[in-house]
Structure formats: C-alpha cells, structure tokens
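Those sequence lines, one after another, are chains X and H.
Numbered per our numbering, the first sequence spans residues 1 to 390.
Numbered per our numbering, the second sequence spans residues 391 to 780.
By construction, the Cβ of each residue, glycine as well, lies at the ideal position given by its N, Cα and C atoms.
These notes are about the structure you will find just below.
Number of protein chains: 2
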Amino acid sequence: MTRISIPEGSPFGLSNLPYGVFSTPGTAPRVGVRVADSVVDLAAALGDDVFARPSLNAFMAQGHGRWVEVRERLLGLLAGDVPEPAVHPAGAVRTHLPVEVGDYVDFYASEHHASNVGRLFRPDSAPLMPNWKHLPVGYHGRAGTVVVSGTDIVRPSGQRKAPSEAAPSYGPSRRLDIEAEVGFIVGTGSPLGSPVSVDDFAERVFGVVLVNDWSARDIQAWEYVPLGPFLGKSFATSISPWVVPLLALEDARVATPPQDPEPLPYLREKNPWALDLDMVVEWNGQVVSRPPYRDMYWSPAQMLAHMTVNGASTRTGDLFASGTVSGPAKDQRGAFLELTWGGKEPVEVNGETRTFLEDGDEVTVSATAPGPSGTRIGFGEVRGRVLPAV
Amino acid sequence: MTRISIPEGSPFGLSNLPYGVFSTPGTAPRVGVRVADSVVDLAAALGDDVFARPSLNAFMAQGHGRWVEVRERLLGLLAGDVPEPAVHPAGAVRTHLPVEVGDYVDFYASEHHASNVGRLFRPDSAPLMPNWKHLPVGYHGRAGTVVVSGTDIVRPSGQRKAPSEAAPSYGPSRRLDIEAEVGFIVGTGSPLGSPVSVDDFAERVFGVVLVNDWSARDIQAWEYVPLGPFLGKSFATSISPWVVPLLALEDARVATPPQDPEPLPYLREKNPWALDLDMVVEWNGQVVSRPPYRDMYWSPAQMLAHMTVNGASTRTGDLFASGTVSGPAKDQRGAFLELTWGGKEPVEVNGETRTFLEDGDEVTVSATAPGPSGTRIGFGEVRGRVLPAV
Numbered sequence: 001m002t003r004i005s006i007p008e009g010s011p012f013g014l015s016n017l018p019y020g021v022f023s024t025p026g027t028a029p030r031v032g033v034r035v036a037d038s039v040v041d042l043a044a045a046l047g048d049d050v051f052a053r054p055s056l057n058a059f060m061a062q063g064h065g066r067w068v069e070v071r072e073r074l075l076g077l078l079a080g081d082v083p084e085p086a087v088h089p090a091g092a093v094r095t096h097l098p099v100e101v102g103d104y105v106d107f108y109a110s111e112h113h114a115s116n117v118g119r120l121f122r123p124d125s126a127p128l129m130p131n132w133k134h135l136p137v138g139y140h141g142r143a144g145t146v147v148v149s150g151t152d153i154v155r156p157s158g159q160r161k162a163p164s165e166a167a168p169s170y171g172p173s174r175r176l177d178i179e180a181e182v183g184f185i186v187g188t189g190s191p192l193g194s195p196v197s198v199d200d201f202a203e204r205v206f207g208v209v210l211v212n213d214w215s216a217r218d219i220q221a222w223e224y225v226p227l228g229p230f231l232g233k234s235f236a237t238s239i240s241p242w243v244v245p246l247l248a249l250e251d252a253r254v255a256t257p258p259q260d261p262e263p264l265p266y267l268r269e270k271n272p273w274a275l276d277l278d279m280v281v282e283w284n285g286q287v288v289s290r291p292p293y294r295d296m297y298w299s300p301a302q303m304l305a306h307m308t309v310n311g312a313s314t315r316t317g318d319l320f321a322s323g324t325v326s327g328p329a330k331d332q333r334g335a336f337l338e339l340t341w342g343g344k345e346p347v348e349v350n351g352e353t354r355t356f357l358e359d360g361d362e363v364t365v366s367a368t369a370p371g372p373s374g375t376r377i378g379f380g381e382v383r384g385r386v387l388p389a390v
Numbered sequence: 391m392t393r394i395s396i397p398e399g400s401p402f403g404l405s406n407l408p409y410g411v412f413s414t415p416g417t418a419p420r421v422g423v424r425v426a427d428s429v430v431d432l433a434a435a436l437g438d439d440v441f442a443r444p445s446l447n448a449f450m451a452q453g454h455g456r457w458v459e460v461r462e463r464l465l466g467l468l469a470g471d472v473p474e475p476a477v478h479p480a481g482a483v484r485t486h487l488p489v490e491v492g493d494y495v496d497f498y499a500s501e502h503h504a505s506n507v508g509r510l511f512r513p514d515s516a517p518l519m520p521n522w523k524h525l526p527v528g529y530h531g532r533a534g535t536v537v538v539s540g541t542d543i544v545r546p547s548g549q550r551k552a553p554s555e556a557a558p559s560y561g562p563s564r565r566l567d568i569e570a571e572v573g574f575i576v577g578t579g580s581p582l583g584s585p586v587s588v589d590d591f592a593e594r595v596f597g598v599v600l601v602n603d604w605s606a607r608d609i610q611a612w613e614y615v616p617l618g619p620f621l622g623k624s625f626a627t628s629i630s631p632w633v634v635p636l637l638a639l640e641d642a643r644v645a646t647p648p649q650d651p652e653p654l655p656y657l658r659e660k661n662p663w664a665l666d667l668d669m670v671v672e673w674n675g676q677v678v679s680r681p682p683y684r685d686m687y688w689s690p691a692q693m694l695a696h697m698t699v700n701g702a703s704t705r706t707g708d709l710f711a712s713g714t715v716s717g718p719a720k721d722q723r724g725a726f727l728e729l730t731w732g733g734k735e736p737v738e739v740n741g742e743t744r745t746f747l748e749d750g751d752e753v754t755v756s757a758t759a760p761g762p763s764g765t766r767i768g769f770g771e772v773r774g775r776v777l778p779a780v
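Printed below as a string of structure tokens:
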C-alpha cells in the first residue's frame with residue numbers, strides 16, 4: 001500500500017481528480033485518475049471493470065449519480081493508502097484519447113474572435129453576421145480526427161488560392177494556425193426528439209478538456225463558402241488527456257457577460273453561468289497569449305441547448321467546443337490569425353519572427369480555474385508539434 | 391432446405407445481393423442479404439459470427455478481398471438450397487441502420503442543384519461560388535442522427551427569420567424539405583496522414599445507399615453564415631436499409647460529365663466514372679421528380695480523394711453523400727426548394743397543393759441502376775413520414 005502525497009498548490013489535488021485513459025508497458029489502455037504526480041488505475045483500485053476499458057464512455061454512460069458516487073469513493077480512497085500496483089508515476093504512463101468521440105461540434109462563441117475573423121475574412125462587410133447575437137453559431141467537425149495531446153500534426157496539403165491568384169494551386173498550407181478552445185464532453189446522451197433544456201447541462205455533461213482546433217487558414221478561406229469549414233479543419237483537432245469533471249468546477253462558475261438582445265426563451269438560463277478559466281498559449285515555450293474563457297458571449301449550457309433544440313440526439317462521448325477563446329486585448333487572442341492580424345503583424349517568438357506556424361514549431365495550451373479554498377484546478381495541457389507536409 | 395426463387399426482373403436478383411441488418415421477433419439485429427422477396431440470415435447460412443452483429447462494420451473492416459470472397463460464396467449458396475431457418479420473408483423482418491456511422495460528410499456535387507440553391511439563397515450574387523468548379527464542396531453533418539428508412543421524422547423547431555422579419559422567432563420549421571442523395575459507405579478506413587488516391591476508391595468503399603437529407607430551409611437560411619448548415623440539417627438524415635455493394639455496380643459505371651476547368655491532379659481519375667442511377671422521388675405516393683445521378687459534376691472517387699487530401703483519416707462506417715441530385719429539367723430536381731422554386735411555384739400532389747412538407751406527408755426515394763445482361767440493380771427505398779412538431 002502507498003500513500004499519494006499531494007504537494008501544496010498541485011493543480012491535480014483532491015478537488016480536481018480528472019479522468020483519463022493511460023497505458024504502461026505492462027497494461028493495455030484503461031481508465032485512470034490523475035492525482036498530483038501520479039495516475040491511479042481505477043480498475044485496480046476500485047475493482048470495477050467499467051474502468052478496464054480504453055475509453056471513459058462506459059463509465060460516463062452510467063450517469064450523473066454514478067459520477068458523484070465514484071468521486072466520493074475516490075476521495076475516501078485517496079484519504080488513506082492505495083494499493084501500490086494501482087499507482088503509476090504520471091511521467092511513466094502514456095496517455096490516450098480519453099473518450100470515443102461521437103459527434104464533434106465546434107462553436108464560435110467568443111465575440112472578440114468572431115469579430116476579428118469577420119474583419120479579416122470579410123473586410124467589406126460587418127464583422128458579425130446578423131445571426132451571431134441571436135444564436136451560438138456552430139458547425140460539425142470531423143470526430144475521427146480528434147487526437148490526444150502530444151500527437152504530432154503533419155502540415156496538411158490542399159487547395160489554396162490567395163485573392164491575388166487567378167486559380168487555386170495544390171500544396172502544403174502556408175497559413176497553419178491554432179485555435180485555443182475549451183471542450184465539453186457529453187456523459188449521458190439524449191434521445192432523438194428530446195431537446196436538452198438549458199438548465200439540464202450539469203446532468204448531461206461529464207467534463208471539460210482543452211482543445212486545439214488546428215486550422216489551415218488558406219485552405220479554409222478558399223473552401224468555406226457556402227457550406228463552412230471542411231478540410232481547413234478536418235486534418236486534426238487535439239484535446240488534453242485529462243477530463244476535468246464538471247463536479248470539480250463548482251468554484252469556477254462565474255456570471256455570464258450581458259447578452260443584448262436578450263436571447264429567445266430556450267436559451268435563457270435560470271442561473272446563467274460561465275467558467276472562470278485562465279488559459280495560456282505557448283509558442284515554442286514562450287507565452288504569446290492568455291485568453292480569458294470567462295468572457296465568452298455564449299455559455300456552455302446555451303451551446304448544448306441550441307445544439308439539440310431541433311430534436312437532435314446526443315450520445316455519450318459527443319464533444320462540443322467553444323470555438324477560439326479570445327479576449328479584448330491583443331495578448332488575449334487564441335488564434336495566430338488574430339494575434340498577427342492575418343500575418344501582417346508578426347510576433348517575436350524566442351527571438352524569431354512568426355506569423356503562422358513553421359515546421360517544427362510546438363504549441364501548448366494550458367489552463368487553470370479556481371477551486372475550493374483558494375486552490376487551483378489544473379486542466380493540464382494540449383500540446384502538438386508541426387511536422388513537414390508529406 | 392429451401393430454394394429461393396427469384397422472379398424475372400426482380401431488383402434484388404443474384405447480380406445485386408445487398409447487405410443490411412434485420413431482426414425478427416425471435417432474433418436480435420444481425421446481418422442479412424436481400425434476395426428477391428427474402429432475407430438470408432448470413433450468420434446462420436454461412437456459419438460466420440462476423441454476421442451475428444448489429445452492424446456491417448466488422449464485416450466491412452475485413453477488407454476488399456473478403457467482400458469478393460463472401461459474394462462468391464453467396465452466389466454458390468444461392469445456386470442451391472439454403473437452410474430453411476436462415477431464410478425470412480422480407481415483409482416479415484424489421485430493418486435497422488445497416489452501419490455504425492463514423493463521420494458523415496455531405497457534398498454538393500450537382501451543378502444544377504448548387505446553381506438553383508445559389509439563385510434562391512443568394513439572389514444578388516453569382517449562383518456558383520468561385521471555388522465550386524475547382525473542388526467538391528462539402529461539410530460534416532451529424533452522424534448520430536443518421537436513421538434507417540421508415541423512421542418517422544418529427545418536424546424540427548428552431549430559430550427562423552424571414553428577410554421581412556426584424557428578429558428571429560422560435561417555432562416549428564415552416565419550410566421542411568428533402569434532399570434526394572446517393573451515399574457511399576467506407577468499408578476499410580485509411581490512417582491519419584494518408585490521403586486516399588482518386589484511383590483507390592473501389593478498394594475502400596464497400597457500398598452505396600440512398601439518402602434523404604431532411605432540411606429545414608428556414609432554420610438553415612438564418613443560421614448558415616458563415617460556418618455552414620447546422621440545425622437545419624442535424625435533426626435527421628435517413629438512409630435506405632440495403633447497402634448495394636460496389637461490386638454489384640460494374641455495369642452501372644458511365645463516363646463523368648466534362649469538367650472545365652480541368653481539376654488539379656489529385657482529382658484526376660485514370661478512368662473517370664460515374665454511376666448511372668435512375669432515382670425516383672415520390673411525395674405521398676405520387677412521383678414528383680426523377681433525378682439522374684449520372685449527371686453529377688463531381689464523381690464519388692473525387693469526393694473521397696478530396697475529403698482525405700489534407701491527410702484526414704477515414705474509418706469503417708464513414709458515410710459520405712453526394713448532396714442533392716438534380717438534373718437540368720424541373721422534374722429532375724431532388725429537393726422541393728428547387729422543385730417549387732422556394733415555394734413560389736407550388737406542385738400538385740394527389741390533387742392537393744404543396745410547396746414544402748406538411749405534417750403527415752410521406753416521401754420515398756428509390757433508385758435502380760443497370761446490371762449485367764439487361765437486369766436492373768435495385769437500391770430499394772428510403773422513406774420517411776413527417777410527424778407534427780412536439
């Protein structure tokens with residue numbers, strides 16, 4: 001038996017307890033919980049086979065009551081000694097995609113981001129479309145290319161056409177970008193024909209991850225009319241390996257920004273809440289941006305209610321993300337398109353000049369949120385390195 | 391033992407042999423093959439447990455060589471007597487969704503359809519966007535709401551705003567429509583970073599289904615800028631229950647229409663081919679349209695090559711559809727939006743006037759294609775009835 005010691009100020013203290021999927025040279029991928037610098041094998045520690053699987057889906061599908069119960073059992077377990085074979089050093093395990101993703105939806109919930117992109121992509125029109133303040137604009141992404149943090153990102157090739165060129169050409173993207181986002185994972189699905197009420201979010205959503213929605217801006221700009229982004233996004237979307245339970249984020253709830261005009265009734269929450277996440281974007285190890293999630297115009301509950309208002313079903317493992325998190329200040333922008341203003345205002349990264357991503361560049365998005373008694377809840381990080389086009 | 395008799399001219403003759411998933415009061419959902427008016431239980435007839443599953447995915451994942459082998463075994467089996475317990479009358483079984491859908495992508499491959507919709511949605515611009523003749527425009531749809539033919543379609547509610555209205559309102563769609571399409575099911579997936587060559591289509595794609603991509607035009611028109619259709623489509627997409635193997639469609643191959651400008655090299659097929667499908671759209675039992683699939687601008691192989699040119703992976707069960715199939719003539723249009731020109735030119739259906747779908751309406755899309763020796767390959771039908779909004 002062993003006692004897991006938790007240093008003061010650990011982002012993975014007892015108030016967090018995020019779930020993930022890990023393997024060691026001796027064990028197949030299975031569910032673990034991150035505690036300080038350790039990973040606890042839940043099938044071994046709790047003797048429950050629902051955790052001896054390569055994704056969180058079976059556990060999540062057991063529902064909200066079960067999530068509460070397991071969290072309480074974990075707190076009891078970690079207060080004492082844990083069987084030694086169940087404990088692995090976090091640095092010695094490999095993390096895997098934590099969920100089998102059903103559908104992946106990407107929203108566009110930051111007013112600052114949507115306005116900036118509008119100015120850059122459509123300089124001759126109003127930056128926000130007429131629908132933007134009435135509904136959380138979103139679209140479906142490619143679920144099959146959601147990958148776990150640490151997966152290398154091969155520079156995508158495709159059709160690009162600059163406004164100055166007469167015809168498109170094929171080749172590697174010249175404007176490879178990131179989007180720092182927050183993602184929500186549906187724990188218990190909802191049947192066809194049953195919209196999820198804006199007040200039922202916490203019953204349905206299991207937890208939160210960080211998302212880097214890699215974006216090839218030149219491919220996207222050429223392809224996206226009229227049906228939206230497709231190959232400019234579908235080559236890879238990275239998520240952080242540790243799913244922070246919504247149950248750990250009670251102290252991170254803050255009021256939503258004012259919404260004007262008032263949204264339609266199905267988007268009105270009894271107790272509107274946002275999440276007070278402080279995000280950090282590092283480019284080759286240098287901090288280039290600190291996007292504030294609390295300022296997002298549309299709340300997580302509004303996104304889920306909107307996504308299902310037409311009767312669309314949800315499934316365990318569905319992932320929906322906020323869209324790029326950008327604050328009002330330049331150093332709060334969560335995409336390099338905005339940070340460098342379409343490449344016209346380069347930034348300095350470790351003494352080198354950057355506009356978009358170069359081969360070999362590495363980007364890390366991390367975040368923390370307030371926990372109980374002044375602690376911080378860590379989301380870990382979502383990280384990826386750019387490899388040359390093949 | 392019993393001999394399955396196949397009437398002359400049956401659309402489900404020995405040259406077809408489509409696969410589906412069925413159940414009877416006594417058996418759980420499992421794989422069957424449709425032969426004339428019978429369904430043959432493949433686990434029972436071939437003694438192979440890969441067919442005793444509720445989807446075709448495990449069988450499809452075994453690959454092209456195996457698809458050929460099973461087809462040959464079936465031809466041998468059906469030439470003689472089949473064990474009686476393996477044979478069910480088609481009218482006595484329930485059909486289920488034949489595949490577990492990975493990602494669902496919807497293209498926009500008919501020039502007639504794209505031009506018509508462009509004129510209707512954007513009357514002040516050129517009907518085709520500048521990218522349309524350079525790449526097969528497409529977007530991701532909601533895989534979790536793909537349903538099998540026969541599933542009732544509840545009229546979706548959501549935000550709609552007519553151009554004459556100052557603000558959007560919430561309510562049931564007033565412009566519920568269909569899109570008659572042809573869908574392709576990926577049998578063997580391809581890894582991240584490995585585009586599928588335009589010449590490798592038949593190695594990867596297992597078969598073909600009919601698709602009705604139900605569309606709420608008022609919801610779509612309000613929401614779709616700038617990220618594309620979302621809730622106007624995601625409430626339901628119906629597919630036909632019998633997957634016609636690509637192996638059955640050798641005689642249905644025809645040349646593709648000329649493409650001008652010539653597409654980029656990754657979209658050039660050595661032997662370009664389209665499929666000669668004759669589609670029929672019935673509204674409450676009355677034929678209102680006969681869309682010709684052979685006229686589609688972009689070929690199935692071009693759609694798959696484009697979808698993966700950025701390195702996106704594919705998975706067994708991925709579904710990609712052609713987009714609405716519309717020919718040049720009015721009675722060849724595969725969406726009621728086009729057929730009634732945005733509701734301005736109503737059609738008569740069984741003596742009643744129709745623009746968009748009314749509650750209780752039923753739509754059936756069926757199709758056949760040329761088979762060997764003058765036979766026809768039947769695709770069966772995709773059917774759905776509209777129920778009132780809840």
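Span separating the alpha-carbon of residue i from that of residue j
i: X:His113; j: X:Leu128; result: 10 Å
i: H:His478; j: H:Asp641; result: 29 Å
i: H:Arg532; j: H:Val472; result: 40 Å
i: H:Asp751; j: H:Arg723; result: 18 Å
i: H:Ser689; j: H:Val588; result: 10 Å
i: X:Val93; j: X:Ala28; result: 11 Å
i: X:Leu337; j: H:Val425; result: 56 Å
i: X:Trp283; j: X:Val363; result: 5 Å
i: X:Ser322; j: H:Glu659; result: 39 Å
i: H:Glu771; j: H:Val429; result: 16 Å
Beta-carbon proximity check, residue i vs residue j, cutoff 8 Å
i: X:Pro245; j: X:Pro11; result: no
i: H:Gly733; j: H:Ile543; result: no
i: X:Val349; j: X:Val281; result: no
i: H:Leu694; j: H:Leu665; result: no
i: X:Ser149; j: X:Ser240; result: yes
i: H:Val536; j: H:Phe596; result: no
i: X:Tyr139; j: X:Pro263; result: no
i: H:Leu621; j: X:Asn310; result: yes
Interface residues of chain H facing residue i [CB-CB closer than 9 Å]
i: X:Ile4; result: Those within 9 Å of X:Ile4 in chain H number zero; the least Cβ separation is about 35 Å.
i: X:Phe320; result: Chain H residues near X:Phe320: none, gap ~11 Å exceeds 9 Å.
Partners in chain X for residue i, counting only beta-carbon separations shorter than 7 Å
i: H:Trp457; result: Chain X residues near H:Trp457: none, gap ~22 Å exceeds 7 Å.
i: H:Trp612; result: Asn131
i: H:Phe574; result: Result: empty, since nearest Cβ-Cβ is about 16 Å, beyond 7 Å.
i: H:Ser500; result: Residues of chain X passing the Cβ test: none, with the nearest at roughly 14 Å.
i: H:Leu388; result: No information on residue 388 of chain H is available, as it lies outside the stretch 391 to 780 that chain H covers here.
Delimiting residues of the beta strand (DSSP E) encompassing residue i
i: X:Pro127; result: It is not in any beta strand (DSSP E) - X:Pro127 carries neither H nor E in the DSSP assignment.
i: H:Gly422; result: Thr417 to Val425
i: X:Gln159; result: Ser157 to Arg160
i: H:Asn602; result: Val595 to Asn602
Residue range of the alpha helix (DSSP H) that includes residue i
i: X:Asp218; result: Arg217 to Glu223
i: H:His454; result: His454 to Ala469
i: H:Pro690; result: Pro690 to Thr698
Chain-ordered neighbours of residue i on chain H, where CB pairs are closer than 8 Å
i: X:Asp103; result: Arg532, Ala533 and Gly534
Proximal chain X residues relative to residue i, where beta-carbon distance stays under 8 Å
i: H:Val780; result: Gly193 and Gly311
i: H:Ile609; result: Asn310
i: H:Leu727; result: Result: empty, since nearest Cβ-Cβ is about 14 Å, beyond 8 Å.
i: H:Gly774; result: Within chain X, no residue comes near H:Gly774; the closest Cβ sits about 13 Å away, beyond 8 Å.
task: Determine which residues of the region 149-166 of chain X have a Cβ less than 7 Å from any Cβ of chain H, and write them out in chain order.
output: Val154, Pro156, Ser157, Gly158 and Gln159
- prompt: When Cβ atoms are compared, which residues of the region 577-607 of chain H fall closer than 9 Å to chain X?
  reply: Gly579, Leu582, Gly583, Ser584, Pro585 and Ala606
task: Taking a Cβ distance cut-off of 7 Å, strictly less, list which residues of the region 656-671 of chain H are near chain X, in chain order.
output: Tyr656
message: So if I threshold CB-CB distances at 7 Å, which residues from the region 511-539 of chain H count as touching chain X?
response: Met519, Asn521, His524, Leu525, Val527, Gly528, Tyr529, His530, Gly531, Arg532, Ala533, Gly534 and Thr535
- prompt: Which residues, taken in chain order from the region 353-371 of chain X, show a beta carbon closer than 9 Å to some beta carbon of chain A?
  reply: Here chain A cannot be found, since the structure's protein chains are X and H.
task: With 7 Å as the C-beta to C-beta threshold (strictly closer), list the residues of the region 285-311 of chain X near chain H in chain order.
output: Val309, Asn310 and Gly311
query: At a Cβ cut of 8 Å, what residues of the region 415-444 of chain H count as close to chain X, listed as they run along the chain?
result: none
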